[in-house]
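Everything in the sequence shown is counted per our numbering, starting at 69 for the first residue and increasing by one. Cβ coordinates follow ideal geometry from the N, Cα and C atoms, glycine included.
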Amino acid sequence: MAIQKPEWFKMDPAKFLSDVQVDGMSTAELGACFRLLCRQWLDGHIPDDLHLLARLCRLDATGMDEAWVTLSQFFPVVEPGKRANRFMWIEREKVVADLERRSDDGTRAARKRWNEARKQPDATPIGSPMPHPMQDQSRPEQSRAEKRERTTPPTAKRASQIPQDFHPKDSHHALAVELGVNLDAAFAKFMDHHGSKGSTYKNWDLAFNSWLRKEQEFTRGNGRRGVIAGQSQSSDYWKKGIFTDNPATRALAQMEGIK
Numbered sequence: 069m070a071i072q073k074p075e076w077f078k079m080d081p082a083k084f085l086s087d088v089q090v091d092g093m094s095t096a097e098l099g100a101c102f103r104l105l106c107r108q109w110l111d112g113h114i115p116d117d118l119h120l121l122a123r124l125c126r127l128d129a130t131g132m133d134e135a136w137v138t139l140s141q142f143f144p145v146v147e148p149g150k151r152a153n154r155f156m157w158i159e160r161e162k163v164v165a166d167l168e169r170r171s172d173d174g175t176r177a178a179r180k181r182w183n184e185a186r187k188q189p190d191a192t193p194i195g196s197p198m199p200h201p202m203q204d205q206s207r208p209e210q211s212r213a214e215k216r217e218r219t220t221p222p223t224a225k226r227a228s229q230i231p232q233d234f235h236p237k238d239s240h241h242a243l244a245v246e247l248g249v250n251l252d253a254a255f256a257k258f259m260d261h262h263g264s265k266g267s268t269y270k271n272w273d274l275a276f277n278s279w280l281r282k283e284q285e286f287t288r289g290n291g292r293r294g295v296i297a298g299q300s301q302s303s304d305y306w307k308k309g310i311f312t313d314n315p316a317t318r319a320l321a322q323m324e325g326i327k
């Protein structure tokens, strides 16, 4: 049975760095050495080809020639075309042997389970029998769960005070242009009003839309909500609109002579 490659190797940093050959390496040589050790751990060896080694170590030809003077002693030839470090070779063989042992144990255990299963040809099959054609497929517990899902109302969003980072959105700009309202002035009033009152809304975007529409009504009324533009408060139309159209003040209108 094929085994997986060893995933990690053990290293004692103090022992590794105190090695005579390692201690004499430059920073570039030490980095190249560690790259080659990792490659040997994966493949079992490194190629005896200076050009390929330079690519593995990420060095140019000149840098590899200089580093190889030291590294060649660290990775001696073990077979034609192959080099390896002795310590890494021994450690890798230990791990590979352990993986092979575990693989063999697993193979033997799998074969044992297979043989035991084959000894019981009349054993109860795994799985559920075919349901009766007229069997009721709905189960009580399933129906209750589905009923709870249908009857449980969604959680309502709670009202909250105006966020500190609330700002007009593109939709607010478009609405202000459509209504002919000064967006900046309206927004400043909106923030002052609701911030001082501690108002709470579930949707502050919709609340600001409503404020812009009311601001349009107020602006068209020349500063008075409900006053039609172009008519003064002292006009007969205004007085009649306030007094005679309101049953509560109709008597007062008659006393003042408004008909």
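If I measure Cβ to Cβ from residue i and keep anything under 8 Å in the same chain, skipping five residues before and after, which residues do I get?
i      : result
Lys150 : His113, Ile114, Pro115 and Asp116
Phe143 : Leu104, Gln108, Ile114, Arg151, Ala152 and Asn153
Ala227 : Thr268, Tyr269 and Lys270
Please report the distance separating the alpha-carbon of residue i from that of residue j.
i      : j      : result
Ala244 : Tyr269 : 21 Å
Asn250 : Lys257 : 11 Å
Val145 : Asn183 : 47 Å
Leu98  : Trp136 : 11 Å
Trp76  : Asp111 : 13 Å
Arg154 : Arg126 : 23 Å
Ala297 : Phe286 : With a pLDDT of only 42 at Ala297, under 50, the local geometry of the prediction cannot be trusted, and no value is derived from it.
Phe84  : Arg181 : 46 Å
Trp306 : Ser278 : Here the model assigns Trp306 a pLDDT of 42, short of 50, so the residue's position is not dependable, and the following value carries that caveat. Distance between the alpha carbons of Trp306 and Ser278 is about 26 Å.
Ala152 : Ala178 : 36 Å
Asp87  : Lys187 : 59 Å
Asp91  : Ala82  : 11 Å
Lys225 : Met259 : 22 Å
Met156 : Ala185 : 43 Å
His119 : Met93  : 21 Å
Met79  : Glu147 : 25 Å
Asn271 : Ala242 : 18 Å
Leu247 : Gln284 : 6 Å
Asp233 : Ser264 : 16 Å
Lys237 : Thr95  : 57 Å
Asp252 : Lys282 : 15 Å
Ile158 : Asp166 : 13 Å
Cβ of residue i within 7 Å of Cβ of residue j?
i      : j      : result
His261 : Ile230 : no
Leu274 : Ala254 : no
Leu124 : Arg103 : yes
His235 : Phe276 : no
Trp109 : Arg170 : no
Cys106 : Leu139 : no
With a threshold of 7 Å on Cβ separation, who are the neighbours of residue i within its own chain once the five nearest residues in sequence on each side are excluded?
i      : result
Lys162 : none
Gln141 : Gln89
Ala129 : Ala122
Asp133 : none
Checking the sheet assignment: what are the DSSP bridge partners for residue i?
i      : result
Thr328 : No answer is possible for residue 328: it lies beyond the span of the chain, which begins at 69 and ends at 327.
Val137 : Val137 pairs with nothing; no bridge assigned.
Glu246 : Bridge partners of Glu246: none, in fact.
Glu147 : Lys150
Pro115 : Lys150
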